[in-house]
Amino acid sequence: MPFPGHRPRRLRTTPAMRRLVAETSLEPRHLVLPMFVADGIAEPREIGSMPGVVQHTRDSLRRAADDAVRAGVGGLMLFGIPREDDKDPLGSAGVDPDGILNVALRDLAADLGDATVLMADTCLDEFTDHGHCGIVDADGRVDNDATNHRYVELAVAQANAGAHVVSPSGMMDGQVAAIRNGLDAEGLTDTAVLAYAAKFASGFYGPFREAVASSLQGDRRTYQQNPGNAREAIHEVDLDVDEGADIIMVKPAMAYLDVLRAAADVSPVPVAAYQVSGEYSMISAAAAHGWIDLKTVVLETLTGIRRAGGDIVLTYWAVDVARWLS
Ligand code: PBG
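Here's what the structure looks like:
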């Protein structure tokens, strides 16, 4: 149609008009806050590469979790950091009911009950002395099926400690089916599984490795996906849905929005996306230099993730954003 036919700017004239025609919503309930809790520290410890994010003590975690729930976030995702001497090849501190992640889950379950959705990272890398997400065999390879056995033990321990959702993030084949069967066998049929279905071997996890004091040497490319593989990501999503995943996740977010869109188009279950540590650090650093405006860029990235199909977004800014939005 020739100009002056349609004038889209009419729908941008006032804040009320823009609000009326907004296609994508971002609400506190969509956001999940990842939190770190460390064993054997007396005070919360700053994470240098993630300004504003800390490793919590058990007590500071309880206060911060309470604040987050009051701010209206949709859920909390908990990561545990054992003492260095408690790390071993099998990640025993993760399975131990008295291990840091499990005691912290118990604390939060007691404090918060069903007022939030309590999620746990179901992975071995924080607990192993070699830093891999699984059990390493005599030849140095991550043994898929031995790892799945361990994931079942982790998931059962986390569910018994009060997690509403267990979140296998190690990208082993069959991990969702193994965990679902293992939970059901223990009568834990109400515990949901959030599957990190399409998780890429990403440089954007760099700051997280500092956050959890990872012992990893090398990389995770035998289990995490090649960043170029979108078709394979959808295959992973299909497998996890067939295996019984209740929620699937794409990770990282910003460099994988096409994968997120494709996953959202095929998934019959809710889709989560993780704005990971490196995304947080990058935006924080640019904002600290005054090169970009933090609030504008954070809201823009989260809106983009929602627009691309993320029903649920994990972000280290969850509480800040919840406050900005209310
Ligand atoms: C594995 C796990 C990782 C992250 C979440 N779960 C690290 C990895 O796969 O190396 C990364 C999260 C982030 O970077 O914010 N337990």
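Residue 364 is where the sequence shown ends in this note's numbering, and the numbering goes up by one at each step. Don't be surprised by glycine CBs; every beta carbon is placed ideally from N, CA and C.
Inset, instruction - Reducing DSSP to helix, strand and coil, say where residue 289 ends up. - result: strand
Legend entry - Secondary structure of residue 366, DSSP reduced to three states: Since the first residue of the chain shown is 39 and the last is 364, residue 366 is not available in this structure.
Legend entry - For residue 171 and residue 258, believed in contact at Cβ under 8 Å, the rounded distance: 7 Å
Inset, instruction - Sort 238, 197 and 362 by Cα distance to residue 218 and report the nearest one. - result: 197
Inset, instruction - Would you grab the beta carbon distance between residue 138 and residue 194 for me? Rounded to a whole angstrom, and I think it's under 8 Å. - result: Contact doesn't hold; Cβ gap of about 17 Å is too wide.
Inset, instruction - Taking the CB atoms as reference points, tell me whether residue 133 and residue 224 lie closer together than 8 Å. - result: no
Inset, instruction - Give the single residue among 261, 287, 355 and 156 whose Cα lies nearest to the Cα of residue 92. - result: 355
Legend entry - Close-in-space but distant-in-sequence residues of the same chain around residue 268 (CB under 8 Å, 5 per side omitted): 296, 297 and 300
Inset, instruction - May I have the straight-line CA-CA distance separating residue 54 from residue 330, to the nearest angstrom? - result: 26 Å
Inset, instruction - Please confirm whether any heavy atom of ligand 1 lies closer than 7 Å to the CB of residue 165. - result: no
Legend entry - Residue span of the beta strand (DSSP E) that contains residue 74, given as start and end: 69-76
Inset, instruction - Rounded to whole angstroms, what's the CA-CA distance from residue 286 to residue 321? Just pull it up for me. - result: 25 Å
Legend entry - Residue ranges of each beta strand (DSSP E) within the stretch 297-334, 3 or longer: 309-312
Inset, instruction - Identify whether residue 147 lies in helix, strand or coil by the three-state DSSP scheme. - result: helix
Inset, instruction - Check whether the Cβ of residue 314 sits closer than 7 Å to any heavy atom of ligand 1, and report yes or no. - result: yes
Legend entry - residue 363: first and last residue of the uninterrupted beta strand (DSSP E) it sits in: Premise fails: residue 363 lies in the alpha helix (DSSP H), 356-363, not in any beta strand (DSSP E).
Inset, instruction - Compute the Euclidean distance between the alpha carbons of residue 173 and residue 230, then round it to the nearest angstrom. - result: 24 Å
Inset, instruction - Report buried or exposed for residue 52, applying the criterion of at least 16 other Cβ atoms within 10 angstroms of its Cβ. - result: exposed
Legend entry - Pair within 8 Å by beta-carbon distance, residue 353 and residue 64: no
Inset, instruction - Taking only heavy atoms of ligand 1 into account, decide whether any of them is closer than 7 Å to the Cβ of residue 258. - result: yes
Legend entry - Rounded C-alpha distance that separates residue 61 from residue 335: 18 Å
Legend entry - residue 259, DSSP secondary structure in three states: coil
Inset, instruction - Take residue 207 as the anchor and find which of 311, 148, 104 and 253 has the nearest alpha-carbon. - result: 311
Legend entry - Rounded separation between residue 146 and residue 136 - CA only: 14 Å
Legend entry - Enclosing beta strand (DSSP E) for residue 246 [first to last residue]: Counting along the chain, residue 246 falls outside any beta strand (DSSP E), though it belongs to the alpha helix (DSSP H) covering 244-249.
Legend entry - Identified DSSP bridge partners for residue 205: 159
Legend entry - Near ligand 1: residue 261 beta-carbon under 7 Å from a heavy atom: no
Inset, instruction - Consider the C-beta atom of residue 246 and the heavy atoms of ligand 1; say whether any pair is separated by less than 7 Å. - result: yes
Legend entry - C-beta contact flag for residue 263 and residue 271 at 8 Å: yes
Legend entry - Residue environment, residue 77, which counts as buried when at least 16 other CB atoms sit within 10 Å: buried
Legend entry - Distance cut-off 7 Å: residue 294 Cβ against heavy atoms of ligand 1: no
Legend entry - Span separating the alpha-carbon of residue 244 from that of residue 185: 23 Å
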